[in-house]
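Numbering (the UniProt record's numbering), first residue to last: 1 to 314.
All residues carry an ideal CB built from backbone N, CA and C; glycine is no exception.
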């Protein structure tokens, strides 16, 4: 899922590496700890949310990267990989949203784990989302693809409930089809914080009218230049194309966090920087395709879309 492999039992990892350095040559050493599955439930087609109860107190926050290990039910082989924390649930439980890859070696078996199953976890890498955002930022924009919405939702839940929360948090996440949209946690935040939180799924495949009605998301929304941020429905297309014209005025107190496909992250990051957004106001996490270089056309489109809004940073 992420950009490094995990070693077998060893000494605890040292200081968390920067996100950009996670595609390291040598795998980090993990001090594996026991955990028990509490819940493992589908939250959309092909996407699951796993809740683990730890034997010892943890210090995970949304955006932390950790190692997960389970035993193959037939061969006994240790299946392991890195994942990103969605949310902490007290001091001894945490959630992770993950995508099930039908042809994968681990995630189809991972999806079969039931309550009470014994697994292992360990390590603490990367920077939690909230620690990368300066306290003076009053607007946070999260952009993601697929399961990347998990840590962004966890961050939003914690931030909005805190006394030092940004005035406004908005999330945009790309999905292939409406059936793939992970919406319940986001909808709950809209209901609880209607004046401070908003979100939009972005659907990359064409959507029929009947599918839209069945989904409950309503109709497709305009994403043309000059549009203002919308309050209902979904966007059609790619996040990097559909969302930038809707971002309105971006000032020095706006922070962006990008999570997902390396190409998606590279394109948006480059476009934001070209538009004049300070590098410190753009934090990222790449789940795969970490060596992708920005697409010139997409990056320029993002930059031009932001600059087209009066008052934006130039």
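Legend entry - Through-space distance from residue 250 to residue 136, alpha-carbon basis: Approximately 14 Å between the Cα atoms of the pair.
Legend entry - Buried/exposed call for residue 288, threshold 16 Cβ in 10 Å: Under this definition residue 288 is an exposed residue.
Legend entry - Span separating the alpha-carbon of residue 280 from that of residue 75: Going by the C-alpha atoms only, they are around 47 Å apart.
Legend entry - Bridge partners - residue 53, DSSP secondary structure assignment: Bridge partners of residue 53: 36, 93.
Legend entry - Nonlocal neighbours in the same chain, by C-beta distance under 8 Å from residue 274, ignoring five residues either side: Around residue 274, the same chain offers 299, 300, 302, 303 as residues with beta carbons nearer than 8 Å, after the five sequence neighbours per side are excluded.
Legend entry - With 16 other Cβ atoms within 10 Å as the buried cut-off, status of residue 183: Classification for residue 183: buried.
Legend entry - Beta-carbon proximity of residue 109 to residue 72, cut-off 8 Å: Yes, these two residues count as a Cβ contact at 8 Å.
Inset, instruction - Measure the alpha-carbon distance for residue 143 versus residue 234 and round it to whole angstroms. - result: Rounded to the nearest whole angstrom, the CA to CA distance from residue 143 to residue 234 is 14 Å.
Legend entry - Contained alpha helix (DSSP H) runs [length at least 4] in the region 75 to 144, N- to C-terminal order: The qualifying runs are 107 to 110.
Inset, instruction - Assess, as a yes-or-no matter, whether the region 51 to 63 is touched by the region 90 to 104 under the definition of 3 or more beta carbon pairs within less than 8 Å. - result: Counting Cβ pairs under 8 Å, three or more are found: they touch.
Inset, instruction - Keeping to the same chain, check which residues put their C-beta closer than 8 Å to that of residue 159; ignore five residues upstream and five downstream. - result: Within the same chain, residue 159 has close Cβ partners 130, 140, 165, 166, 169.
Legend entry - Cα-Cα separation between residue 185 and residue 153, rounded to whole angstroms: Rounded to whole angstroms, residue 185 to residue 153 spans 7 Å at the Cα level.
Inset, instruction - Return the CA-CA distance between residue 203 and residue 85, expressed in angstroms with no decimal places. - result: When rounded, the distance between both Cα atoms is 24 Å.
Inset, instruction - Starting from the C-beta of residue 296, find all residues in its chain whose C-beta is less than 8 Å away, skip the five residues before and the five after it, and write them out in chain order. - result: Excluding sequence neighbours, residue 296 sits near nothing in its chain.
Inset, instruction - Use the C-beta contact count for residue 161: other C-beta atoms within 10 angstroms, 16 or more gives buried, fewer gives exposed. - result: Here residue 161 is exposed. Its C-beta has fewer than 16 other C-beta atoms within 10 Å.
Inset, instruction - Could you please give me the residues that DSSP links to residue 256 through a beta bridge? - result: Beta-bridge pairing links residue 256 to 141, 282.
Inset, instruction - Would you mind reading off the limits of the alpha helix (DSSP H) that contains residue 154? - result: Residue 154 -> alpha helix (DSSP H) spans 149 to 161.
Legend entry - Beta-carbon proximity check, residue 199 vs residue 178, cutoff 8 Å: No, these two residues do not count as a Cβ contact at 8 Å.
Inset, instruction - Below 7 Å CB to CB, which residues in the same chain sit around residue 294 once its five sequence neighbours on both sides are set aside? - result: Hits under 7 Å: 266, 267, 270.
Inset, instruction - Take residue 127 as the anchor and find which of 31, 241, 201, 66 has the nearest alpha-carbon. - result: Checking every option, the nearest Cα to that of residue 127 belongs to 66.
Legend entry - Bridge partners - residue 173, DSSP secondary structure assignment: According to DSSP, residue pairing for residue 173 in a beta bridge involves 144, 201.
Legend entry - Straight-line Cα distance separating residue 276 from residue 40: Residue 40 and residue 276 have their C-alpha atoms some 42 Å from each other.
Inset, instruction - Look at the alpha carbon of residue 291 and the alpha carbon of residue 99, and state the distance between them as a whole number of angstroms. - result: Residue 291 and residue 99 have their C-alpha atoms roughly 21 Å apart.
Legend entry - Other residues of its chain near residue 263: CB distance less than 6 Å, five sequence neighbours each side excluded: Excluding sequence neighbours, residue 263 sits near 289, 292.
Inset, instruction - Can you say whether residue 90 is buried or exposed, counting buried as having 16 or more other CB atoms within 10 angstroms of its CB? - result: With fewer than 16 other Cβ atoms within 10 Å, it is exposed.
Inset, instruction - Compute the Euclidean distance between the alpha carbons of residue 47 and residue 104, then round it to the nearest angstrom. - result: C-alpha of residue 47 to C-alpha of residue 104: approximately 14 Å in a straight line.
Legend entry - Check whether residue 146 and residue 33 have beta carbons under 8 Å apart: With a cutoff of 8 Å on beta-carbon distance, residue 146 and residue 33 are scored as not near each other.
Legend entry - Per DSSP, the bridge partner or partners of residue 44: DSSP, once it has assigned bridges, lists 47 as partnering residue 44.
Legend entry - Coil, strand or helix - residue 229 by DSSP: Here residue 229 scores only 36 on pLDDT, less than 50, and its place in the model should not be relied on; the value that follows carries that caveat. When DSSP states are grouped into helix, strand and coil, residue 229 belongs to the coil group.
Inset, instruction - Could you have a look at residue 234 and say whether DSSP puts it in helix, strand or coil? - result: The three-state secondary structure of residue 234, taken from DSSP, is strand.
Inset, instruction - With DSSP collapsed to three states, give me the class of residue 193. - result: Note: residue 193 maps to coil in three-state DSSP.
Inset, instruction - Hey, could you find the ends of the beta strand (DSSP E) residue 65 is sitting in? - result: Taken as a continuous stretch (DSSP letters only), the beta strand (DSSP E) holding residue 65 covers 65 to 71.
Inset, instruction - Reducing DSSP to helix, strand and coil, say where residue 60 ends up. - result: Of the three classes helix, strand and coil, the one that applies to residue 60 here is coil, per DSSP.
Legend entry - Sheet register partners of residue 184 (DSSP bridge): Paired residue(s): none; residue 184 is not in a bridge.
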